[in-house]
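Below you'll find the structure, written out as structure tokens, and then a few comments.
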């Protein structure tokens with residue numbers, strides 16, 4: 085039975101592996117007279133702006149755990165992907181790194197096809213700051229015609245607090261609004277998007293006294309899980325939906341929200357209206 089490596093040695097092995105995969109010439113270092121593949125230790129240290137001695141200690145499993153700042157510098161030096169960066173932090177500190185928000189408003193055709201296959205259940209994709217970036221036809225018919233709105237107006241908080249239509253379709257608007265504010269706070273914090281949400285929060289505090297009060301209540305709620313949502317559609321009347329919120333695999337910045345009709349009769353009514 086092989087002896088298990090200490091955490092420091094596992095980290096060092098990972099650093100050595102990443103170092104050998106970097107191309108010296110592509111990064112501006114001379115490529116001649118190299119006995120091994122990749123960068124030298126001092127070149128990695130230079131890219132990360134840390135001491136060559138300290139970097140050597142990390143590779144050799146000496147000197148204790150690195151700081152989060154050192155790991156961030158190394159992740160940039162190695163040009164790690166988000167998954168590789170997370171792996172580096174788990175090896176070095178035993179925890180994931182702090183979230184960093186990447187604004188990316190696109191979805192893949194594959195993800196859009198998933199939404200389309202969910203008809204007649206309204207479904208949409210929202211970002212961590214609750215911008216709607218994709219939806220299916222059932223969502224257009226039952227919720228909002230997002231395609232008719234400018235992209236900057238497809239934010240769910242703006243709709244709830246600034247769009248009069250949102251009040252007329254909700255059975256209990258205040259309860260829904262409080263849930264939205266609390267869940268939004270948690271999503272934005274998890275994604276590390278404080279800077280991105282500040283202008284939106286300032287705008288809503290200025291334009292909606294109700295939002296200002298709810299935001300300052302500091303209630304936080306999880307959006308993930310199952311719930312029942314009741315709406316009053318202008319054509320079909322009262323409808324009930326089983327509400328579910330899912331993380332999108334491989335996209336920590338996105339969530340899929342699905343409103344599944346609570347009864348077969350409701351599903352048939354929606355299908356008829358869509359037709």
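In my numbering, the protein residues as written are 85 to 359. Beta carbons are placed, not taken as given, at the ideal position from N, Cα and C, and that holds for glycine.
Please classify residue 320: does DSSP put it in a helix, a strand, or coil? Counting from 1 along the chain shown, the entry for residue 320 is found at position 236. Residue 320: coil per DSSP, three-state reduction.
I need the straight-line Cα distance from residue 117 to residue 266, nearest angstrom please. Numbered from its first residue, the chain shown carries residue 117 at position 33. Numbered from its first residue, the chain shown carries residue 266 at position 182. In a straight line, the C-alpha of residue 117 is about 59 Å away from that of residue 266.
So, for residue 332: in the same chain, excluding its five sequence neighbours on each side, which residues have a beta-carbon less than 8 Å away from its beta-carbon? Within the chain shown, residue 332 is the residue found at index 248, counting from 1. Excluding residues within five positions, the ones whose Cβ falls inside 8 Å are 195, 209, 338, 339 and 340.
Just mark residue 159 as buried or exposed, buried being the case when its beta carbon has 16 or more other beta carbons within 10 Å. Taking the chain shown and counting its residues from 1, the one referred to as residue 159 is at position 75. Buried, since its Cβ has 16 or more Cβ neighbours within 10 Å.
For the alpha helix (DSSP H) that contains residue 138, what are its first and last residues? Indexing the chain shown from 1 puts residue 138 at position 54. Residue 138 -> alpha helix (DSSP H) spans 136-144.
Unbroken beta strand (DSSP E) runs of length 3 or more, entirely within the region 198-230: which are they? 207-211 and 216-219
Taking the C-alpha atoms as reference points, what is the distance between residue 245 and residue 293? Here residue 245 is taken as the residue at index 161 of the chain shown, counted from 1. Here residue 293 is taken as the residue at index 209 of the chain shown, counted from 1. In a straight line, the C-alpha of residue 245 is about 9 Å away from that of residue 293.
Which residue wins for smallest C-alpha separation from residue 298, given the options 321, 259 and 149? Within the chain shown, residue 298 is the residue found at index 214, counting from 1. When only C-alpha atoms are compared, the closest one is 259.
Nearest to residue 162 (by Cα), restricted to the options 127, 218 and 138: Against the chain shown, residue 162 aligns to sequence position 78. The option with the nearest alpha carbon to residue 162 is 127.
Quick check: residue 240 and residue 219, are their CB atoms within less than 7 Å of each other? If you number the chain shown from 1, residue 240 lands on position 156. If you number the chain shown from 1, residue 219 lands on position 135. Result no, Cβ atoms of residue 240 and residue 219 do not sit closer than 7 Å.
Pull up the CB-CB distance for residue 207 and residue 223, whole angstroms please, since I reckon it's below 8 Å. Here residue 207 refers to the residue found at position 123 of the chain shown. Here residue 223 refers to the residue found at position 139 of the chain shown. Confirmed, about 6 Å.
Between which two residues does the alpha helix (DSSP H) carrying residue 342 extend? Position 258 of the chain shown, counted from the first residue, corresponds to residue 342. That residue, residue 342, is in no alpha helix (DSSP H); its beta strand (DSSP E) goes 335-345.
Cβ separation of residue 123 and residue 106, assumed to be a contact under 8 Å, to the nearest whole Å: Numbered from its first residue, the chain shown carries residue 123 at position 39. Numbered from its first residue, the chain shown carries residue 106 at position 22. So it is a contact: roughly 5 Å between Cβ atoms.
Tell me where the alpha helix (DSSP H) around residue 301 begins and ends. Mapped onto the chain shown, residue 301 falls at position 217. Note, residue 301: premise wrong, no alpha helix (DSSP H); not H, not E.
Alpha carbon to alpha carbon, what distance is there between residue 204 and residue 148? As a first step, residue 148 is located in the chain shown; it is residue number 64 there, counting from the start. As a first step, residue 204 is located in the chain shown; it is residue number 120 there, counting from the start. Cα to Cα, residue 148 sits roughly 56 Å from residue 204.
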